[in-house]
Structure formats: C-alpha cells, structure tokens
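Quick note, the sequence shown lines up with residues 4 to 437 if you use our numbering. Shown next, in structure tokens, is the structure this report addresses.
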Amino acid sequence: MSPLLAEGLDAAKARQIKSRICEQTGISERTLRRYLAQYQADGFSGLKPKGKCSTNNQETIAPEILEQAILLRREVPGRSVSQIIQILEWEGRVEPGQIKRSTLQEKLAERGYSTRQMRMYADSGVASRRFQQKCRNRLWHSDIKYGPYLPIGPGGVKKQVYLVTFIDDATRFVLHGEFYPTLDQVIIEDCFRQAIAKYGTPESVYFDNGKQYRTKWMTRACSKLGIRLLFAKPYSPEATGKVERFNRVVDSFLAEAALDKPQTLDKLNILFWVWLDECYQNKPHSALGEKTSPQTAYQSDKKPLRFLDPAVVTNAFLHCEERKVDKAGCISFAGQKYEVGLSFIGCTVDVVYDPADISELTVEYQGHTPWKVKQLMIGERTGKRPALPGHLTPQPADSSRLLAAATEKNQERREQQIPAVSYRTVRRGDERRV
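Encoded structure:
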C-alpha cells in the first residue's frame, strides 16, 4: 500500500496501483479504499480488527460479583446468562440493569465457564476422547442401518430392508452383517447368534438405546453367556462412532447396488458380503495402520476365542416371558393353556420358549428346578381332579363353631335387654281410684 501514500500521486497512477494490488491480493477496490481511509485517519491502529465485544472492553464487573456468577453457573451448568443476572438482582447483589448480558457472557467465557465449555464437562455428556480396546472380542458394537427398497412384499410391493452389523472394537472387523426384511428384535437375535457361532462370545457388548436392543431377551441372553451388557447414554451418537463410521462406508455399497438393482433379499446379501470382503475387511484401515486390514488385525490377535457349549448358547437364545398362574394351576401363552401345577397358584413364573416351537415350554421359578410343560388337552371327560396340597386339605370338625359362637352371643344380648313394663299386673282397684 506504500505507493498509494506517496505525495503528489495523480489519479490515473493511483487507479493503476489500486488495480494491481486488487489483482495480487484478491480484495475489492472498495475494501482497499476503506483500508486507505482508516489508515489516513488513525494510522496502523485503524487497521486492527475490531472484535464483537470490543465495545464492552471498558465495562467491568466486580470480582466478588463475577465469582458469584461463576458459582451459579457451576451449580447448574444449564443456567443461562439472563437467569444468572436475574438471580444476582433478586439477591440484591447488583442493581437492576447494572450488568449487561453480553458483558457477563464475555467474562464467563474468559474464565472458562461459557455454556459450550460447561457442556463439555456436564454429567449428561460423553467423553470426547477416542477409545480402543487392546485385543479382539473385548467389546463388540452393533447398529441398524436403513437399507434400500426391494420388491419383496406381497404382489411385488417394495419394502425397505435393514442392515444389522456387529463390529469388533479393537480390530474394526465385521463379525457378521446382513440385510433383513423387518425391523424388530428378531433381526438382532439372528445376527448376534451368527456372530457368536463364528467367532465365540465377547466380554462386553455396547449398543445404543434402540428398542430392538433394550429388551428383556438381550438382558437374559447376555447374563446366560457371561457377557457384560452396556448401553450408550441417550442422545450421544458420538459414543457409537465406530459403527456409525462403518455405516457411512456402507453408503458406497448402496450406491453401487442401486446400479445392479437386486430384486431379492438373498441377491442383495450376496452382493454385500462380496463387497464387505473385498472393499472393507481386506483393505487397510486408517485406525489400524497403513498396511493393516481389519481381517489381518483380527486373525493375528493372540487372544484366544471363547466358544461355549452349543447347549448353553441355545438355552441363552431362547425367549423368556412372565406369566401368572391362575386358580386352576395353568398359564395362558400364545392363546393356549399350559398346566403348571396347583402348588404355583397365584405365582408369577418365567416362561422360556423357542419361538419356532411352542408345543413345549420350560417354566422357571425361584427355588425350583426348571421343568417342561405341554399344552393342556381338554377332553370330553374331566377326569379325577388332582389331590390338593397338604396345607390346603380341609380339616373335619365335630360341631359348628359358627353356631356355637352365635348361641353365646344371643344369650348375652338377652341378658342385657331391660324388661318391658307389663300392664297385666296393674290391679282393677287402682284403676277405680284413678
């Protein structure tokens, strides 16, 4: 800008210099004129940028008032600056209108107590640090991703399909992933079971708060398998960032699958598994190193896999519901009656069953060994009623205790009644005198 400040510069030369400066710096001629006017008026101080709060720099807040404002913000991090000022005014610490909201907000930010800074450390927040387990099968993530529409409905109607994946935290390896035609807990059960069948059971699983994961079945299954069940805090998508990141990678597959236009769910899954092997599992991952793929990281991990007995896994993946035993010693399940036993009348029992076969159920009750029950078959004849338990058997008596007690009560009432006056005892002579 120094050539423009030379004395005796004619207008034509000034326009030429301004044009060259604008081309070199990319600023407009109007901005250049404004800068020149500010320099001529205030020197270099006129060119210094002016912040948003520069007008409030002269305003101050007493240290003891600022400390009280910080204390109010620390007590409830969600308190707004306006609320803090209102409390200070109500308590008589400052006069109404003495503190401006912008001034207090600036001072709180300088001390590290702005709303954004407090939100980072609020109890309801989540840690912003990244974490990664040291070895495989220490922690598994899972999530549901909405997929494309396929003509798999009745009459070829298009229905949306859903992708369920289980990912290992330490190696980013996808243990199992598959598209399903429905959005319920059954798809989680199937994907989880296939992952366990192939790679054993993990130490922990980490899910979001979707209703497909927060089920009684998931709690029971993890308890039976010795798996720690963890859930992310509500409204914290960053807590499940690994599986969310993989879901964004899946978008590239969905774009390619849209070109092939698969017509069946099986075809879509086949394409997905091929893409998964070639474009993700066996390609270097940025979180693992330049030359390490999720497949290599998982297979080279020295931690042994933990496989359980198939019978234990089968029992863990059964469904469980509660039922109350009626006065006939039966429970109602799926529209059918099952006889549990008269000794459990009024009790609430756990019914364990296989959704594919409910002809026979397993009943569990605290303090008793689980037992099998079958559907109650009601025939033409009722048959002999089972004997009552000993504590319910009637006890015979020689006489009625009710009638004996009523007789004694009636005698007491007769003795307490005052006799009525009898006019038959009045003599006729007395009647003449009257």
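Cβ atoms here follow ideal geometry from the backbone N, Cα and C, with glycine treated the same way.
Can you tell me whether residue 353 is helix, strand or coil according to DSSP? It is a strand residue.
Which residues in the same chain have their Cβ closer than 8 Å to the Cβ of residue 200, if we skip the five residues on either side of it in sequence? Same-chain partners within the cutoff: 316.
DSSP three-state label for residue 184, please. coil
Going by DSSP in three states, residue 142 sits in which element: helix, strand or coil? Assignment of residue 142 by DSSP, reduced to helix, strand and coil, places it in the coil class.
At the level of alpha carbons, what is the spacing between residue 314 and residue 245? 32 Å
Roughly how many angstroms lie between the CA atoms of residue 41 and residue 25, to the nearest whole one? C-alpha separation (whole angstroms): 17 Å.
According to DSSP, which residues form a beta bridge with residue 269? Answer is none; residue 269 lacks a bridge partner.
Thinking just about the alpha-carbon of each residue, which of 339, 368 and 135 is nearest to the one in residue 346? 368
Tell me which residue opens and which closes the beta strand (DSSP E) that residue 327 is part of. In the DSSP assignment, residue 327 falls within the beta strand (DSSP E) that extends over 322 to 327.
What whole-angstrom Cβ distance do residue 356 and residue 321 have, given they're in contact under 8 Å? 6 Å
Neighbourhood of residue 97 by C-beta distance below 7 Å, restricted to the same chain and skipping five residues each side: Same-chain partners within the cutoff: 68 and 91.
Chain B beta carbons: is any one of them nearer than 8 Å to that of residue 26? Here chain B cannot be found, since the structure has a single protein chain.
First through last residue of the beta strand (DSSP E) which encompasses residue 234: 231 to 234
Bridge partner(s) assigned by DSSP for residue 168: 146 and 180
Let's test the definition: count the other Cβ atoms within 10 Å of the Cβ of residue 126 and tell me whether it reaches 16, buried, or not, exposed. For residue 126, the predicted structure reports a pLDDT of 48, less than 50, and the residue's modelled location is therefore unreliable. The matter cannot be settled from this model.
Compare the Cα-Cα distances from residue 361 to each of 351, 33, 272 and 378 and report the closest residue. 378
With burial defined as no fewer than 16 other Cβ atoms inside 10 Å of the residue's Cβ, what is the status of residue 463: buried or exposed? Residue 463 cannot be examined here, being either before or after the span of the chain that is shown, 4 to 437.
Which word fits residue 167, buried or exposed, when buried means at least 16 other C-beta atoms lie within 10 angstroms of its C-beta? buried
In the DSSP output, which residue or residues are listed as bridge partners for residue 374? 366.
Option in 146, 285, 332 and 366 with minimal Cα separation from residue 325: 366
Residue range of the unbroken alpha helix (DSSP H) whose run includes residue 71: 66 to 78
Under a three-way DSSP split, which group does residue 472 fall into? This structure cannot speak to residue 472, because the chain is shown only from 4 to 437.
Have a look at 213, 206, 402 and 319 and flag the residue whose alpha-carbon is nearest the alpha-carbon of residue 231. Comparing C-alpha distances from residue 231 to each of 213, 206, 402 and 319 shows the shortest one belongs to 206.
I'd like to check one pair, residue 139 with residue 306: are the Cβ atoms closer than 8 Å? yes
Whole-angstrom distance between residue 413 and residue 400, CA atom to CA atom: 23 Å
Indicate the three-state DSSP secondary structure (helix, strand or coil) for residue 334 in the structure shown. strand
Tell me the DSSP secondary structure of residue 58 in three-state form. Here residue 58 scores only 44 on pLDDT, less than 50, and its place in the model should not be relied on; the value that follows carries that caveat. Residue 58: helix per DSSP, three-state reduction.
Pick helix, strand or coil for residue 275, following the three-state DSSP scheme. helix
Assigned exposure category for residue 79 - 16 Cβ within 10 Å defines buried: Exposed is the label assigned to residue 79, since fewer than 16 other Cβ atoms lie within 10 Å of its Cβ.
Using the beta-carbon count (16 or more within 10 Å), is residue 216 buried or exposed? buried
Helix, strand or coil at residue 27 [DSSP, three-state]: Helix at residue 27.
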